[in-house]
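Q: Got a structure for you, questions after.
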Amino acid sequence: MWAIGGILIYLAIKKDMEPTLLLPIGFGAILVNFPFSGAVTQLINGSLEEGALSVLYDAGISNELFPLILFIGIGAMIDFGPLLSNPKLMIFGAAAQFGIFFTLCTASMFFDLNDAASIAVIGAADGPTSIVVAQKLNSSYLGAIMVAAYSYMALVPIIQPPVIRLLTTKKERMIRMPYKPKEVSQTTRILFPIVITIISGMVAPASVSLVGFLMFGNLIRECGVLNSLSETAQKTLANLVTIFLGITIASKMQAEDFLKKETLIILGLGLVAFIFDTAGGVIFAKVLNLFLKEKINPMIGAAGISAFPMS
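Numbering of the sequence shown is given in the numbering used here, commencing with residue 6 and proceeding in unit increments.
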């Protein structure tokens with residue numbers, strides 16, 4: 006596990022792959038794998054001694070607090086203006102989730118339904134969502150799921166290009182889409198997060214915590230009267246929670262729980278999810294082009310996953 010931690014730290018520092026998460030995850034993996042480590046709760050001499058990372062896990066991940074707070078920061082970073090000026094692009098966000106459903110079917114051959122669903126959500130390309138779903142479904146593979154989710158998010162620039170080249174011609178990749186930005190009123194920008202939260206609450210009440218916190222962060226950004234809070238959410242809050250989230254995830258990376266054949270299967274399924282996400286978005290764009298006069302560059306379909314800005 007020290008070697009795995011070292012590899013994650015190397016990827017973060019030398020390869021600049023999601024360093025804000027892979028570095029604390031890697032360092033945390035080293036901390037929790039010392040014999041009788043004080044970083045995690047252990048039974049020592051017949052008495053239970055609480056570890057710092059276990060306390061943080063109970064305080065911030067088991068109750069989903071860290072991912073939800075991070076979503077406020079992410080929401081504050083997002084500019085929905087281009088999407089609101091060209092709403093048809095929203096459908097690519099749905100098409101690019103194909104990998105989730107394909108991976109769910111595949112994972113169900115190796116794991117029970119709850120674990121299979123938790124693994125499939127790696128395809129959402131969204132770390133906090135993966136944490137919340139795995140936690141809600143009480144998956145016993147949270148550590149492996151998180152390492153896979155964040156590692157593949159960082160590897161998006163490596164994973165997606167071969168898939169795109171395989172599914173498109175050079176002519177399709179060179180399609181130029183005219184960019185005609187339309188002015189989006191502040192009223193629209195303010196109403197959008199509110200309306201999305203209401204619709205989500207009516208359609209899928211269980212999603213209100215995730216979607217609601219994301220949209221709350223965006224509302225802080227767009228309301229125009231909370232600029233200082235918006236800056237804090239985007240930088241200080243998001244960075245602080247990311248540090249705690251990364252190093253706390255490592256509390257589930259003890260060797261006896263992590264070094265199993267299931268971990269390798271999860272890593273493989275996570276890669277499958279990302280590949281089929283990309284393929285789903287690209288193929289959907291190609292199908293749309295059969296009916297459109299102004300052609301869409303199929304590569305935009307690959308950007309439907311949540312891994313921004315890498316995708």
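No residue lacks a Cβ here, since even glycine has one placed at the ideal position from N, Cα and C.
Nothing here was measured: the structure is a model prediction, and the numbers come from that model.
With DSSP as the reference, please indicate the residues paired to residue 49 in a beta bridge.
A: As a working note, residue 49 is residue 44 in the sequence shown. Bridge partners of residue 49: 52.
Q: Rounded to a whole number of angstroms, what is the C-alpha to C-alpha distance between residue 26 and residue 18?
A: By one-based count along the sequence shown, residue 26 stands at place 21. By one-based count along the sequence shown, residue 18 stands at place 13. So the two alpha carbons sit approximately 11 Å from each other.
Q: Please report how far the alpha carbon of residue 269 lies from the alpha carbon of residue 157, in whole angstroms.
A: Residue mapping note: residue 269 aligns to position 264 of the sequence shown, counting from 1. Residue mapping note: residue 157 aligns to position 152 of the sequence shown, counting from 1. The alpha-carbon atoms of residue 269 and residue 157 are separated by roughly 14 Å.
Q: May I have the straight-line CA-CA distance separating residue 104 from residue 112, to the nearest angstrom?
A: Mapped onto the sequence shown, residue 104 falls at position 99. Mapped onto the sequence shown, residue 112 falls at position 107. Their Cα atoms are separated by approximately 12 Å.
Q: For residue 275, is the classification buried or exposed, using 16 other Cβ atoms within 10 angstroms of its Cβ as the cut-off for buried?
A: Taking the sequence shown and counting its residues from 1, one reaches residue 275 at position 270. Its Cβ being crowded by 16 or more others within 10 Å, residue 275 is buried.
Q: Residue 303 to residue 56, Cα distance in whole Å?
A: Counted from its first residue, the sequence shown places residue 303 at position 298. Counted from its first residue, the sequence shown places residue 56 at position 51. About 49 Å.
Q: For residue 113, does the three-state DSSP call read helix, strand or coil?
A: Taking the first residue of the sequence shown as position 1, residue 113 is located at position 108. The answer is coil: DSSP assigns residue 113 none of H, G, I, E or B.
Q: Between 245, 41 and 143, which has its C-alpha nearest residue 51's C-alpha?
A: Stepping through the sequence shown from its first residue, residue 51 is reached at position 46. Among 245, 41 and 143, the Cα nearest to that of residue 51 belongs to 41.
Q: Any contact of the region 215–229 with the region 185–195, i.e. 3+ C-beta pairs under 8 Å?
A: Touching, per the Cβ criterion.
Q: Should the region 278–291 be called in touch with the region 246–265, which here means at least 3 C-beta pairs below 8 Å?
A: These segments do not touch.
Q: Considering only C-alpha positions, which residue in the set 141, 127 and 83 is nearest to residue 135?
A: The count along the sequence shown starts at 1 and reaches residue 135 at position 130. Nearest C-alpha to residue 135: 127.
Q: Is residue 62 buried or exposed, if buried means 16 or more other CB atoms sit within 10 Å of its CB?
A: The sequence position of residue 62 within the sequence shown is 57, counting from 1. So residue 62 ends up on the buried side.
Q: Near residue 79, what residues of its chain come up, given a Cβ to Cβ distance below 8 Å and the 5 sequence neighbours on each side ignored?
A: Residue mapping note: residue 79 aligns to position 74 of the sequence shown, counting from 1. The answer, listed in chain order, is 133, 219, 222 and 243.
Q: Is residue 73 buried or exposed, if buried means 16 or more other CB atoms sit within 10 Å of its CB?
A: The count along the sequence shown starts at 1 and reaches residue 73 at position 68. Residue 73 is buried by the Cβ-count criterion.
Q: Which class does residue 157 belong to by DSSP, given the choice of helix, strand or coil?
A: Stepping through the sequence shown from its first residue, residue 157 is reached at position 152. It is helical.
Q: Taking 7 Å as the line, does the beta carbon of residue 83 fall inside it for any heavy atom of the ligand NAD?
A: Ligands displayed in this structure: none; no statement on the ligand NAD is therefore possible.
Q: For the 8 Å Cβ check, are there 3 or more pairs between the region 286–293 and the region 64–73?
A: Not touching, per the Cβ criterion.
Q: In chain order, what residues of the same chain lie with their CB nearer than 7 Å to the CB of residue 82, ignoring the 5 residues before and after it?
A: Within the sequence shown, the letter at position 77 stands for residue 82. Within the same chain, residue 82 has close Cβ partners 239.
Q: For residue 43 versus residue 10, is the C-beta spacing smaller than 8 Å?
A: Taking the first residue of the sequence shown as 1, we reach residue 43 at position 38. Taking the first residue of the sequence shown as 1, we reach residue 10 at position 5. Taking 8 Å as the Cβ cut-off, residue 43 and residue 10 do not qualify as a contacting pair.
Q: For residue 301, which residues of its own chain have a beta-carbon under 8 Å away from its beta-carbon, when the five flanking residues on both sides are left out?
A: As a first step, residue 301 must be located in the sequence shown, where it is residue number 296. So the qualifying residues of the chain are 180, 182, 290, 293 and 294.
Q: Need the endpoints of the alpha helix (DSSP H) that residue 247 sits in, please.
A: Working through the sequence shown from its first residue, we reach residue 247 at position 242. Element bounds for residue 247: 243–254.
Q: With 16 other CB atoms within 10 Å as the buried threshold, where does residue 87 fall?
A: In the sequence shown, counting from the first residue as 1, residue 87 sits at position 82. By the 10 Å Cβ count, residue 87 comes out exposed.
Q: Rounded to whole angstroms, what is the Cα-Cα separation between residue 258 and residue 237?
A: Stepping through the sequence shown from its first residue, residue 258 is reached at position 253. Stepping through the sequence shown from its first residue, residue 237 is reached at position 232. Going by the C-alpha atoms only, they are around 31 Å apart.
Q: Residue 120 and residue 146 - do their beta-carbons sit closer together than 8 Å?
A: Mapped onto the sequence shown, residue 146 falls at position 141. Mapped onto the sequence shown, residue 120 falls at position 115. Their beta carbons are under 8 Å apart, which means residue 146 touches residue 120 by this criterion.
Q: Can you tell me whether DSSP reads residue 126 as helix, strand or coil?
A: Start at 1 with the first residue of the sequence shown, and residue 126 comes out as number 121. DSSP places residue 126 in helix when its eight states are reduced to three.
Q: Reducing DSSP to helix, strand and coil, say where residue 277 ends up.
A: As a position in the sequence shown, residue 277 is number 272, starting the count at 1. In the structure shown, residue 277 sits in a helix (DSSP, three-state: H, G or I).
Q: Report yes if the C-beta distance between residue 90 and residue 186 is below 8 Å; otherwise report no.
A: Stepping through the sequence shown from its first residue, residue 90 is reached at position 85. Stepping through the sequence shown from its first residue, residue 186 is reached at position 181. Closer than 8 Å, so yes.
Q: Would you list, in sequence order, the uninterrupted alpha helix (DSSP H) runs of no fewer than 4 residues that lie entirely inside the region 43–102?
A: Taking only runs of at least 4 residues, the alpha helix (DSSP H) segments lying wholly in the region 43–102 are 57–65, 70–82, 86–90 and 95–100.
Q: Do you know offhand how far residue 7's Cα is from residue 95's?
A: As a first step, residue 7 must be located in the sequence shown, where it is residue number 2. As a first step, residue 95 must be located in the sequence shown, where it is residue number 90. In a straight line, the C-alpha of residue 7 is about 42 Å away from that of residue 95.
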